[in-house]
Every structure is written in structure tokens, then in C-alpha cells.
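Per this note's numbering, the very first residue in the sequence shown carries number 8; after that it's consecutive. Even for Gly, the Cβ is constructed at its ideal location relative to N, Cα and C. Okay, structure first, notes after.
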Amino acid sequence: MGVRTIQRYEGEEELPIRRLTGGPRGTVVATKTELDDWLAARPKRHVSIAPKRLPPDSTIEPLGVAILRMRQLRTEMKQRRADVRTAVRTLHRSIQLVVITHLNNPVR
Numbered sequence: 008m009g010v011r012t013i014q015r016y017e018g019e020e021e022l023p024i025r026r027l028t029g030g031p032r033g034t035v036v037a038t039k040t041e042l043d044d045w046l047a048a049r050p051k052r053h054v055s056i057a058p059k060r061l062p063p064d065s066t067i068e069p070l071g072v073a074i075l076r077m078r079q080l081r082t083e084m085k086q087r088r089a090d091v092r093t094a095v096r097t098l099h100r101s102i103q104l105v106v107i108t109h110l111n112n113p114v115r
């Protein structure tokens, strides 16, 4: 429960709590027995919990296909990154060779 819920239950539903330091923001305490008795005395509320609905099969199938495609794309992306790294290294070596060649044989 949140702070506001406790405060609301304290004011509206006589939640059996005590504040140690006084004031509306003081430390709150209650015994297990007091809380159990309070719960037992409260009127029962019907709480309906809606069952989790699974998406229809028409949604599940395209989702599975999309997940497979995503995995394929991820694999392709990894390969393309490796290809780009290799190309950058090759370009870097070529530039180094051009610079070295130019330094060793300056144009006159």
C-alpha cells in the first residue's frame, strides 16, 4: 500500500494505526493483531480480476514471423559491421602507404 492509501484508510475506514512522532507525517505503527482484526471486521468487497487475455492467433503468427525477421536482420547487421571494420582498416593502411610513399618520394 502507498502512503496516500494508508492515510485515506486511516481517515475514512478507521485503520488502526498510531503515529510515533505525531503530526500527519509521523512514523506509523500498528500491530499485526490490530490489522487482522480490522480486516476481519471490514465488509467483504467483491474483487473481480479480469483474466489475462491472450492475443488471437492471427496476432501471434505475424509476431513470430517478425521476431524471426528481427533475428535475421541482427545477424546481417553484425556481418555488415564486420565488413565496414575491415574496409576501414584497409582504407587506413592504403592512406598510410600513400603518405609514406609521398614522404619518401616528394613531388618536385
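Query: So, using beta-carbon positions, are residue 27 and residue 45 closer together than 8 angstroms?; Result: no
Query: Quick one: grab the DSSP three-state call for residue 25.; Result: strand
Query: Is the beta carbon of residue 10 within less than 7 angstroms of some heavy atom of the ligand MN?; Result: No copy of the ligand MN occurs in the structure displayed, which carries no ligand at all.
Query: Expressed to the nearest angstrom, what Euclidean distance is found between the alpha-carbon atoms of residue 20 and residue 75?; Result: 53 angstroms
Query: Look at residue 13 and residue 36 and say whether their C-beta atoms are less than 8 angstroms apart.; Result: no
Query: Taking just the CA atoms, how far does residue 98 sit from residue 79?; Result: 29 angstroms
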